[in-house]
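Comments concern the structure below.
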Amino acid sequence: MPGPDASHSPAVRTLPGAGRTAVVTGASSGIGAATASRLAAEGFQVVLGARRMDRLTPLADSIGARALPLDLTDPSSVASFAAALDRVDVLVNNAGGAFDALPVAEADLDSWARTYEVNVLGTVRLTKALLPALRSSGAGDVVFVSSTAGLISYEGGASYTAAKHGVHTLAETLRLELNGEPVRVVEIAPGMVRTEEFSLNRLGSADAADEVYRGVREPLVAEDVADCIAWAITRPHHVNVDLLVVRPLAQAAQHKVARDPS
10 MPGPDASHSP
20 AVRTLPGAGR
30 TAVVTGASSG
40 IGAATASRLA
50 AEGFQVVLGA
60 RRMDRLTPLA
70 DSIGARALPL
80 DLTDPSSVAS
90 FAAALDRVDV
100 LVNNAGGAFD
110 ALPVAEADLD
120 SWARTYEVNV
130 LGTVRLTKAL
140 LPALRSSGAG
150 DVVFVSSTAG
160 LISYEGGASY
170 TAAKHGVHTL
180 AETLRLELNG
190 EPVRVVEIAP
200 GMVRTEEFSL
210 NRLGSADAAD
220 EVYRGVREPL
230 VAEDVADCIA
240 WAITRPHHVN
250 VDLLVVRPLA
260 QAAQHKVARD
270 PS
């Protein structure tokens, strides 16, 4: 009996990220951890960067990735991180956070400085350090995870909205400066995302954090944002997703959120 016709054998599927290395910052939790997992599943060689190695290492081991310590507020840490990388095709600038919800009249300037250092200056440090490798890749991607807070302001959010407006401007400016070079600049701007730490870090208590999402039917979760990032960077490289705004269906705008009665 003749053997099976090789012409009818199923084709081996090449994963979109095969042969590409992706760096994800803030990868120890939330959107960063979800993005690292998703990109590993898409075939990328993933390098995870964060301060909390006790959380980073188990995640990296579970998805077949590499974990490296990274403190974006420390120039020497950024330099050591960059020096440890042989190749970078994708940089996902995810690390950030909000640390207060005070009105301007009661501004905590230490909190403002921390917010800028993590969201803006740290992002600039690492992007600058890895741009040579991204250019050398011949098809690089720089992803900025910003926020709808970078597009519109709201009461009690000045330190965070100012910082995320900075990230938005950083993405726009870098795209202009790299025009004609083989590096895409993508901005993903999520609205209301429920993660384990964001609102807790900002508001300081679990009850206050839970109140943010009270009555909101299906806020976004980290995996939703990771899905957007993965989609954007796996388009053909001539396709640049400049800005992708993603909100839950319940959130029509920053101040317009449908809530079920409690």
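Our numbering applies: residue 10 is where the sequence shown begins, and numbers increase by one. Glycine included, every Cβ here is placed at the ideal spot set by N, Cα and C.
Between which two residues does the alpha helix (DSSP H) carrying residue i extend?
i	result
P78	Element bounds for P78: not the alpha helix (DSSP H) but the beta strand (DSSP E), R75 to P78.
A45	G39 to A50
P141	G131 to S145
A107	Looking at the DSSP string, A107 is not in any alpha helix (DSSP H), and its letter there is neither H nor E.
I72	M62 to I72
R184	A167 to E186
T59	What sits at residue 59 in the sequence shown is Ala, not Thr. Not the alpha helix (DSSP H): A59 falls in the beta strand (DSSP E), residues Q54 to A59.
V234	A231 to I242
A31	Premise fails: A31 lies in the beta strand (DSSP E), T30 to T34, not in any alpha helix (DSSP H).
Near residue i, which residues of its chain fall below 7 Å by C-beta distance, leaving aside the five closest residues on each side in sequence?
i	result
Y163	T170, Q263 and H264
T124	A107, F108, S168, Y169 and A172
Q260	G200, M201 and V266
T82	E126, V127 and G131
A76	L57, M62, L65, T66 and A69
In chain order, what residues of the same chain have a beta carbon less than 6 Å from the beta carbon of residue i, not counting five sequence neighbours either side?
i	result
A167	V113
N249	R193
V132	Val is not the amino acid found at residue 132; the sequence shown has Thr there. These residues qualify, in order along the chain: N102.
A27	G52
P228	M201, R203, Y222 and P257
R60	D80
Is it buried or exposed for residue i, if we count other Cβ within 10 angstroms and need 16 for buried?
i	result
P270	exposed
E196	buried
L24	exposed
G105	buried
D98	buried
L29	The displayed chain sequence assigns Arg, not Leu, to residue 29. Per the 10 Å Cβ criterion, buried.
R226	exposed
G165	exposed
A92	exposed
A43	buried
G147	exposed
L118	exposed
G41	buried
S37	buried
G224	exposed
A235	buried
Locate the beta strand (DSSP E) running through residue i, then write down its first and last residues.
i	result
G149	G149 to V154
R193	V192 to P199
L118	Unbroken run through L118 is the alpha helix (DSSP H), L118 to Y125; no beta strand (DSSP E).
A158	Segment: none, A158 is in no beta strand (DSSP E) and carries neither H nor E.
CB-CB under 8 Å to residue i, same chain, minus the five flanking residues each way: which ones, in chain order?
i	result
A74	A45, A49, Q54, V55, V56, L57 and L68
T157	A198, P199, G200, V254, R256 and Q263
A15	For A15, the pLDDT reaches just 49, beneath the cut-off of 50, and the residue's location in the model is therefore unreliable, leaving the point undetermined.
A116	A167 and S168
Contact defined as beta carbons within less than 8 Å: I believe residue i pairs with residue j. What is the distance between those atoms, to the nearest angstrom?
i	j	result
T34	L135	7 Å
V194	A180	6 Å
N103	V154	4 Å
N128	V176	6 Å
A239	R47	5 Å
L139	L100	5 Å
A241	T204	In fact, because the Cβ distance is near 20 Å, the residues do not count as touching under 8 Å.
G159	P191	No, G159 and P191 are not in contact; Cβ-Cβ is about 26 Å, not under 8 Å.
Three or more C-beta pairs below 8 Å linking the segment 248-256 and the segment 58-71: The segment 248-256 vs the segment 58-71: no contact.
Contact between the segment 180-187 and the segment 229-248 (3+ Cβ pairs under 8 Å): Touching, no.
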